[in-house]
Amino acid sequence: MTQNKNKIYFISDAHLGRESISLESQKEQKLLAFLSQIENECETLYVLGDLFDFWFEYKNLIPKQFASTLFALKKLKNSGTKIIYLAGNHDFWLGDFLPQQLEISVHPNHLEVSHQGKKLFLTHGDGLAKKDIGYRVLKKILRNKVNIWLYRQLPADFSFWLAQKVSHSSGNYTQQKNIEYQEYLNFAKGKINSGFDFVIMGHIHQPILEKIDKGYYVNVGDWMKNFSYGVLEEGELRLEKF
Numbered sequence: 002m003t004q005n006k007n008k009i010y011f012i013s014d015a016h017l018g019r020e021s022i023s024l025e026s027q028k029e030q031k032l033l034a035f036l037s038q039i040e041n042e043c044e045t046l047y048v049l050g051d052l053f054d055f056w057f058e059y060k061n062l063i064p065k066q067f068a069s070t071l072f073a074l075k076k077l078k079n080s081g082t083k084i085i086y087l088a089g090n091h092d093f094w095l096g097d098f099l100p101q102q103l104e105i106s107v108h109p110n111h112l113e114v115s116h117q118g119k120k121l122f123l124t125h126g127d128g129l130a131k132k133d134i135g136y137r138v139l140k141k142i143l144r145n146k147v148n149i150w151l152y153r154q155l156p157a158d159f160s161f162w163l164a165q166k167v168s169h170s171s172g173n174y175t176q177q178k179n180i181e182y183q184e185y186l187n188f189a190k191g192k193i194n195s196g197f198d199f200v201i202m203g204h205i206h207q208p209i210l211e212k213i214d215k216g217y218y219v220n221v222g223d224w225m226k227n228f229s230y231g232v233l234e235e236g237e238l239r240l241e242k243f
């Protein structure tokens with residue numbers, strides 16, 4: 002039954018596959034418990050990118066270490082919850098597995114949606130800091146279709162190993178950078194002034210709910226340390242921790 006599914010949930014940045022086996026197990030168990038807990042009340046779940054620390058598909062092959070999470074997402078979808086996935090900067094190579102096998106809607110960039118009488122602008126948040134020119138250039142290179150085709154020619158085991166090394170370096174780079182917080186606020190303010198009630202993102206791993214004029218800038222945090230998420234209920238958005 003789905004009549005009580007009246008809440009919209011937002012999660013981001015679990016980076017499944019990044020950490021040690023023991024830490025990954027703890028993190029995954031928390032995520033699985035969360036997905037099970039919201040099953041009876043979640044109308045729509047938005048995954049705002051980087052659920053996986055790396056994702057790449059071959060024609061008949063996907064990363065097997067994420068099987069439990071994929072099964073839980075399928076179970077949630079079968080319960081009547083709509084799941085929408087926005088690609089992040091670690092999992093933007095999403096292919097057709099999620100939409101075809103799990104019936105999860107996948108979007109490469111931002112989304113503009115309405116729920117409960119509110120207008121929402123959703124994005125992962127990478128590339129918004131104008132001063133981070135290096136990353137903005139790298140993003141265009143990595144999303145180039147020719148480069149994706151070339152990467153797919155590598156043996157699968159080697160490509161996954163290489164991606165993990167690059168991903169770890171990228172994660173360390175992001176953590177060491179000074180977050181241009183004001184740039185995110187300015188971006189959110191521009192969207193709010195154009196009519197949005199909530200500007201919601203992830204990427205910086207910091208849960209934030211800040212009022213700007215007539216709207217709110219929201220960062221849902223992460224599922225590595227904060228285990229935080231957003232909930233929209235009766236037109237009001239709040240941040241919670243699991």
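In the working numbering, the protein residues as written are 2 to 243. Just so it is clear, CB atoms sit at the ideal spot from N, CA and C, and this is done for glycine as well.
In this structure, how does DSSP classify residue i when only helix, strand and coil are distinguished?
i           : result
residue 187 : helix
residue 242 : strand
residue 109 : coil
residue 16  : coil
residue 115 : strand
residue 31  : helix
residue 74  : helix
residue 156 : coil
residue 25  : helix
residue 1   : Limits of the chain in this structure are 2 at one end and 243 at the other, which puts residue 1 out of reach.
residue 69  : helix
residue 98  : helix
residue 177 : With a pLDDT of only 46 at residue 177, under 50, the local geometry of the prediction cannot be trusted, and the value read off the model is given with reservation. Of the three classes helix, strand and coil, the one that applies to residue 177 here is helix, per DSSP.
residue 195 : coil
residue 46  : strand
residue 87  : strand
residue 233 : strand
residue 151 : helix
residue 131 : coil
Determine the burial state of residue i: buried for a count of at least 16 other Cβ atoms within 10 Å of its Cβ, exposed for fewer.
i           : result
residue 239 : exposed
residue 229 : buried
residue 90  : buried
residue 242 : exposed
residue 57  : buried
residue 22  : exposed
residue 26  : exposed
residue 192 : buried
residue 127 : buried
residue 156 : exposed
residue 203 : buried
Distance check for residue j and residue i, CA to CA, integer angstroms please.
i           : j           : result
residue 282 : residue 114 : Look at the range of the chain in this structure, 2 to 243, and you will see that residue 282 is not part of it.
residue 217 : residue 186 : 10 Å
residue 55  : residue 151 : 17 Å
residue 61  : residue 98  : 10 Å
residue 201 : residue 195 : 15 Å
residue 59  : residue 44  : 31 Å
residue 153 : residue 35  : 33 Å
residue 24  : residue 95  : 24 Å
If distances are taken between C-alpha atoms only, which option among the options comes closest to residue i?
i           : options              : result
residue 17  : 31, 155 and 67       : 67
residue 224 : 74, 33, 236 and 72   : 33
residue 12  : 189, 213 and 124     : 124
residue 92  : 126, 50 and 129      : 50
residue 41  : 72, 82 and 130       : 82
residue 130 : 189, 46 and 15       : 189
residue 120 : 30, 197, 214 and 192 : 197
residue 71  : 43, 19 and 101       : 101
residue 199 : 219, 182 and 181     : 219
residue 28  : 237, 227 and 236     : 227
residue 37  : 74, 181 and 206      : 74
residue 84  : 52, 63, 237 and 208  : 52
residue 206 : 215, 182, 63 and 106 : 182
Indicate whether residue i and residue j have their beta-carbon atoms separated by less than 9 Å.
i           : j           : result
residue 78  : residue 104 : yes
residue 8   : residue 233 : yes
residue 248 : residue 116 : The structure shown does not extend to residue 248, since the chain spans only 2 to 243, so no value can be given for it.
residue 222 : residue 14  : yes
residue 48  : residue 86  : yes
Any heavy atom of the ligand GTP closer than 8 Å to the Cβ of residue i?
i           : result
residue 153 : This structure does not include the ligand GTP; it has no bound ligands of any sort.
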